[in-house]
Structure formats: C-alpha cells, structure tokens
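Start counting the sequence shown at 8; every next residue gets the next number (my numbering).
Below is one structure, written out as structure tokens, with a few remarks after it.
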Amino acid sequence: MTVSGSNTNKLNAVGDVVQVVRADGIVLAGTIVEDYADSLLAADDLGRDWARPHRWGVALDTGVLVFVDDADLVEGEAEPTGSSR
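Structure representation (structure tokens):
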C-alpha cells in the first residue's frame, strides 16, 4: 500500500534541478533522477523503523547520489560546490 502525505509532492519531477538541504545544514544543487513515490509504504507496513524509503533520488552536482523526501528540498540558492567531493 502506498501513502501520500508529507513525503509526496507533485511539484517536482524527474529532471528538475533542485536544492537539497543535508543533515549538516548545507544546501547543495542537484538533479532529480528518480521518483520513488510508488514505492513508499506507511511505517506500519514496513515492519521496522529503520531504512525507510525516501521519495526522491537526487544526483548532486558534486557527483554524490542522495535519497531525500520533499522536506529535504528547499527553494533558493545552493552553496557553491567547487570541484571537491
């Protein structure tokens, strides 16, 4: 069973350039490469509270692939990434 709510948002789509806020508060630019909305399950249906699936696969401009939810996508400018990884 899939769920909708805080993890789902129809405003973004694969191919969109987005800003991702990381756990350390840094905002980085990236491109949405996959939408996992059809794979999201309610927490009770997972049978665990760890390794929850996320809505989006985003390829950051730094070359790192991250998996995030709508709450991790922000409007505005990203930090310059330079060439370091």
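All C-beta atoms, glycine included, are put in the ideal place defined by N, C-alpha and C.
Does DSSP put residue i in a helix, a strand or coil?
i, result
"A36", "strand"
"A30", "coil"
"D68", "coil"
"D23", "coil"
"D76", "coil"
"V45", "The residue asked about is misnamed: residue 45 is Asp in this sequence, not Val. Helix, per DSSP."
Thinking just about the alpha-carbon of each residue, which of the options is nearest to the one in residue i?
i, options, result
"D66", "G54, T38 and D79", "First, the amino acid is wrong: residue 66 is Ala here, not Asp. Comparing Cα positions, the closest option is T38."
"A20", "A44, G32 and R55", "A44"
With a threshold of 7 Å on Cβ separation, who are the neighbours of residue i within its own chain once the five nearest residues in sequence on each side are excluded?
i, result
"V28", "V34, D79 and V81"
Buried or exposed for residue i, please, with buried defined as at least 16 other CB atoms from any protein chain shown within 10 angstroms of its CB.
i, result
"V24", "exposed"
"R59", "exposed"
"R62", "buried"
Looking only at its own chain, which residues have a Cβ that is under 6 Å from the Cβ of residue i, when we skip the five neighbours before and after it?
i, result
"G64", "V40, E41 and F74"
"S46", "P60"
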